[in-house]
Amino acid sequence: MVRATRYLRYLIASLLVLLLAACTQAPPKFKGLDLSQVDWGGDFELTAHTGKRVKASEFRGKVLILFFGYTHCPDICVPTLAKLAAVVKRLGADAERVQVVFVTVDPQHDTPAQLAPFVANFHPSFIGLTGTAQEIAAVASDYKIAYQKAATGHGLKGAPQHELIEHFGGVLIKDAQGKLRLLYALEHTDADIEHDVRLLLKAKS
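Quick note: the sequence shown uses the UniProt record's numbering, first residue 1, plus one each step.
Dropping the structure here:
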């Protein structure tokens, strides 16, 4: 009887240790910069490439990947969007729980009609957003996205000229609850982003 009581105490003590370890387990390590503690990056409403007004909060329930750029961007925008398309491909069936959104910083030229074929060229699920200059400025400010007009682009002879826009090239991710969570620099790979998205999807389930 005494031996059984000791065993029971040992079992209870072991279970308590395991429970404590589970409660104090370190959070998953992300590849991107953790923004969980910031108080910016809230809801917004812009116009989608379909012409429909869309709120960021409508994507709750999905991991939201945000990238700010413009369709005539000569450098980082195309490779970044191609990287995000690779992320979607790597996710497979889980991609249905993820939404990639491209927000233009050139609303003067990037109308819904301009955005539609541009985002579709990377992936049919991508959504392009535009708005008035004031709307874009407000959203960019809330998400700490710096941008400014730089100079007139020198395209092919006879081709229309477009102003170059210098802009922050990072990728932002919000979790399924609509909370801004992660930031990625240019050197982060599609595998890095996929890794973190899966952690966020796992946390949701």
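Each residue gets a CB set at the ideal place from its N, CA and C atoms; glycine is no exception.
Report yes if the C-beta distance between residue i and residue j is below 8 Å; otherwise report no.
{"i": "L186", "j": "I76", "result": "yes"}
{"i": "F30", "j": "D196", "result": "yes"}
{"i": "Q148", "j": "I173", "result": "no"}
{"i": "I145", "j": "F68", "result": "yes"}
{"i": "L115", "j": "T130", "result": "yes"}
{"i": "D175", "j": "R181", "result": "yes"}
{"i": "H162", "j": "H72", "result": "yes"}
Determine the DSSP secondary structure at residue i, reduced to helix, strand or coil.
{"i": "R198", "result": "helix"}
{"i": "E187", "result": "coil"}
{"i": "V103", "result": "strand"}
{"i": "L115", "result": "helix"}
{"i": "A140", "result": "helix"}
{"i": "A133", "result": "helix"}
{"i": "A176", "result": "coil"}
{"i": "D110", "result": "coil"}
{"i": "D34", "result": "strand"}
Smallest Cα separation from residue i: which of the options?
{"i": "T111", "options": "G92, T80 and Y70", "result": "Y70"}
{"i": "L84", "options": "F44, G92 and I65", "result": "I65"}
{"i": "H123", "options": "G42, R90, W40 and L46", "result": "R90"}
{"i": "G32", "options": "L201, H188 and A203", "result": "H188"}
{"i": "D142", "options": "F44, S36 and L35", "result": "F44"}
{"i": "V103", "options": "G92, E96 and T80", "result": "T80"}
{"i": "T47", "options": "D94, G41, Q37 and A56", "result": "A56"}
Quick check on residue i - is its C-beta less than 8 Å from some C-beta in chain D?
{"i": "T130", "result": "The chain labelled as chain D is not found in the depicted structure, where only one protein chain is given."}
Who pairs with residue i in a beta bridge, going by DSSP?
{"i": "E166", "result": "Q148"}
{"i": "A48", "result": "L129"}
Curious, which full-length beta strand (DSSP E) runs of at least 3 residues does the segment 54-99 contain?
63-69
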